[in-house]
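Peer 1: First, the structure itself, so that you have it in front of you.
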Amino acid sequence: MSKTIIISNRLPVQLQISDGGLSAIPSVGGLATGMKSVHSGGESLWIGWSGLTDEEIPESLENEIDKALENHGCSKVRLTENDVEGFYFGFSNRTIWPLFHYFLEYSEFELDFWNTYKVVNQKFADAILEQAGDEDIIWVHDYQLMLVPQMVKEKRPNTSIGFFLHIPFPSYEIFRTLPWREEVLQGLLGSDLIGFHTYDYERHFLSSVRRLLGLDVSFNDIYLDNRVIKVDSFPMGIDYKKFRDAAVAHEERKENNKSDLQQKLDNHKASAPDTKLILSIDRLDYSKGIAKRLNAFEYFLNKYPEYKEKVRLIILAVPSRSNVPQYQLLKREIDELVGRINGELSTVNWTPIWYFYRSLPFENLIDLYTSSDIAWLTPLRDGMNLVAKEYVATRTDKTGVLILSEMAGSAYEMNEALLINPNNFEQQADTLKNAITMPKEEQMARNMFLQKRLERYNVEVWANEFMNALHKKSDVEDVNISR
Ligand code: ADP
Ligand code: G6P
């Protein structure tokens, strides 16, 4: 029987060695949290990097590591420290990530990064070729592995290969600045189906293929040699039931079973019942617009000083890619901004911003989602943004206001949210005021539509639609499509 093989750099868990022992922690980020739900059906194998370099793995732990990953239905690709430096911290996160998020000035075009990216993509392709049977379906994920489809296709021309990009595909004008742009496109074109979160990303990709490779593109089909490659958009959903059930269980939890965080949030509510909690959750990443959000919050408090002591902003930032200089600078900037704003505006009874820099267990995420009156997410560019969807899913009584950046892929499907331009402070200050004063009936009416849509287009439907499109593609090809 054929199985699906998922390939991504990040596995659903990351392994760590501390005090000589091995531990597995859940990975953060939309790819890992979304695909985890798809993978939990137990019928797939997930190949990726364990989070440990070869140099960090003592021989004595080798078997234990394989076993630990096997328990999660995973298998590892071995990477050296040098690989991780050039491929992960380098080409993936210092070249492609900033470029595809329109931070052209952060993008570094280093030949060494590119060479290591090629070597490491080949390692992933080899792992697939070693472990996949001829009938298996290969599903490659994200910008770290854009050369893998072609590397596999060359060796196994009859294998079905799908690729999904979890980040934006930028406009042709941005993409064409990449020195290795043709190679990247050719790498992707080893796939039979290429998926994006939105129609815009799909159009940008097709336009680059046409203009840079001169290929024949008709609607969303690309004609290459004797193959037809399908390109389409599949907006990723969340595991709606998981978030919904967790929120219901959270509601029913007895007083003495509550987490410390929930008890603190409850105490806060009891001591200041009129204070609105505004929540933002992101990986600490410049694409998420955290610094701008802090400045916009200060702007709001100055424009509408009557809300001083009446609102509190909770910023939860998850440490991310901390070896990359831009992330280190951002961390410093945010620490300083939070310190300055709190220093200037705090009163004896009130600290405007609560700032947490850590990853939290799932239970605490639910505490925050369910306790916050407003979720305020302001990415400057974001492939999708699942946090927006998760917040809405946990609002069991349908109250709560979502303020969401137009620059997030999820904004295309979440029209009932209050959509903002993260660069427009005036608009954000007014929108915050609107959110704080929004009548409950309006909140509920908006969330009703949002929840229905999230429930219907959940992550399972997303994965099935992608897989069905891939299957349909191979069926048609059996009948031999050619032009
Ligand atoms: P990105 O993929 O760019 O990180 P998304 O919003 O699409 O952004 O996905 C983030 C995922 O990481 C969500 O599923 C969210 O639940 C999870 N997450 C975010 N912050 C935390 C945190 N502090 N602790 C644990 N999980 C988190
Ligand atoms: C985004 C990317 C994922 C990545 C995640 C976390 O969601 O699309 O590919 O896994 O961020 O980033 P990290 O660098 O920790 O894997």
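The numbers in the working numbering rise by one with no breaks, and the one at position 79 of the sequence shown is 94. Just so you know, even glycine gets a beta-carbon here, dropped at the ideal spot from N, CA and C. None of the values given here were measured: they were computed from a predicted structure.
At the level of alpha carbons, what is the spacing between Glu145 and Gln165?
Peer 2: The straight-line gap from Cα to Cα measures roughly 16 Å.
Peer 1: Give the single residue among Asp289, Leu401, Ile329, Leu67 whose Cα lies nearest to the Cα of Thr95.
Peer 2: Thr95 has its Cα closest to that of Leu67, out of Asp289, Leu401, Ile329, Leu67.
Peer 1: Going by DSSP, which residues form a beta bridge with His156?
Peer 2: Phe179
Peer 1: How about Thr366 and Asn357: are their beta carbons less than 7 Å apart?
Peer 2: yes
Peer 1: How about Leu46: is its Cβ closer than 6 Å to a heavy atom in the ligand G6P?
Peer 2: yes
Peer 1: Just checking, does the region 254-271 make contact with the region 476-483 on the three C-beta pairs under 8 Å criterion?
Peer 2: no
Peer 1: Restricting to Cα atoms, I'd like to know which of Asp141, Asn462, Ile329, Leu119 is closest to Trp396.
Peer 2: What sits at residue 396 in the sequence shown is Arg, not Trp. Taking only the C-alpha atoms, the option nearest Arg396 is Leu119.
Peer 1: When the Cα atoms are used, what is the spatial distance from Asp412 to Ile349?
Peer 2: Annotation: Asp412 to Ile349 spans about 34 Å, alpha carbon to alpha carbon.
Peer 1: Check whether the Cβ atoms of Gln29 and Ser42 sit closer than 7 Å, and answer yes or no.
Peer 2: yes
Peer 1: Taking DSSP's pairing of strands, which residues face Ile330 in a bridge?
Peer 2: Ser295, Tyr370
Peer 1: Which runs of the beta strand (DSSP E) fall wholly inside the region 251-293 and span at least 3 residues, in chain order?
Peer 2: none
Peer 1: Three or more C-beta pairs closer than 8 Å, one from the region 402-420 and one from the region 203-213: is that the case here?
Peer 2: no
Peer 1: Do you know whose CA, among Trp477, Val407, Asp445, Ser59, lies nearest Asn462's CA?
Peer 2: Val407
Peer 1: Please tell me whether, using a cut-off of 6 Å, the distance from the CB of Ile368 to the nearest non-hydrogen atom of the ligand ADP is below it.
Peer 2: no
Peer 1: Excluding five sequence neighbours on each side, which residues of the same chain lie with their C-beta closer than 8 Å to the C-beta of Phe377?
Peer 2: Pro41, Ala261
Peer 1: On the DSSP letters alone, give me the boundaries of the beta strand (DSSP E) that Leu15 sits inside.
Peer 2: Past the edges of the chain, shown from 16 to 498, lies residue 15, and the structure says nothing about it.
Peer 1: Could you give the residue range of the alpha helix (DSSP H) that holds Val28?
Peer 2: Looking at the DSSP string, Val28 is not in any alpha helix (DSSP H); the run it does join, the beta strand (DSSP E), is 28-33.
Peer 1: Just to confirm my understanding: we take Val339, look at its own chain, exclude 5 residues before and 5 after, and list those with CB closer than 8 Å. What are they?
Peer 2: Phe104, Asn108, Arg109
Peer 1: For Ile40, list the residues DSSP reports as bridge partners.
Peer 2: DSSP output for Ile40 lists Gln29 as bridge partner(s).
Peer 1: Starting from Val232 and walking both ways along the beta strand (DSSP E), at which residues does that stretch end?
Peer 2: Unbroken beta strand (DSSP E) run through Val232: 231-233.
Peer 1: Can you name, in chain order, every residue of its own chain whose Cβ lies under 8 Å from the Cβ of Ser1, other than the five neighbours on each side?
Peer 2: Since the first residue of the chain shown is 16 and the last is 498, residue 1 is not available in this structure.
Peer 1: With Tyr238 as the anchor, note down where its beta strand (DSSP E) starts and where it stops.
Peer 2: 236-239
Peer 1: Does the region 382-390 come into contact with the region 287-306, if we say contact requires no fewer than three beta-carbon pairs (one atom in each stretch) closer than 8 Å?
Peer 2: yes
Peer 1: For a test of your reading of the model: does the CB of Arg396 fall under 6 Å from any non-hydrogen atom of the ligand G6P? Yes or no.
Peer 2: no
Peer 1: Can you tell me where the beta strand (DSSP E) with Gly502 in it begins and where it stops?
Peer 2: This structure cannot settle anything about residue 502, because the visible part of the chain is limited to 16 through 498.
Peer 1: Compute the minimum distance between the beta carbon of Ile22 and the heavy atoms of the ligand ADP, and state whether it is under 6 Å.
Peer 2: no
Peer 1: Go ahead and pull the three-state DSSP assignment for Ile22.
Peer 2: strand
Peer 1: Using the rule of at least 16 other Cβ atoms within 10 Å of the residue's Cβ for burial, across every protein chain shown, is Ile21 buried or exposed?
Peer 2: So Ile21 ends up on the buried side.
Peer 1: Is the Cβ-Cβ distance between Val199 and Met161 less than 7 Å?
Peer 2: yes
Peer 1: What's the gap between the Cα of Lys303 and the Cα of Asp297?
Peer 2: 7 Å
Peer 1: Among residues of its own chain, excluding the 5 on either side of Val155, which ones have a beta-carbon nearer than 6 Å to its beta-carbon?
Peer 2: Answer for Val155: Ile22, Val163, Pro164, Phe178, listed in chain order.
Peer 1: Pull up the distance between the alpha-carbon of Lys168 and that of Thr174, whole angstroms please.
Peer 2: 7 Å
Peer 1: What's the C-alpha gap between Val224 and Lys488?
Peer 2: 20 Å
Peer 1: Give the C-beta separation of Trp477 and Gly252 to the nearest angstrom, bearing in mind that I take them to be a contact with Cβ-Cβ under 8 Å.
Peer 2: 5 Å
Peer 1: Let me check one thing: in DSSP terms, what residues is Thr362 bridge-paired to?
Peer 2: Trp365
Peer 1: What did DSSP end up calling Arg498 once you bin it into helix, strand or coil?
Peer 2: Confidence in Arg498 is poor, its pLDDT being 30 and thus under 50, which makes the residue's placement too unreliable to answer from.
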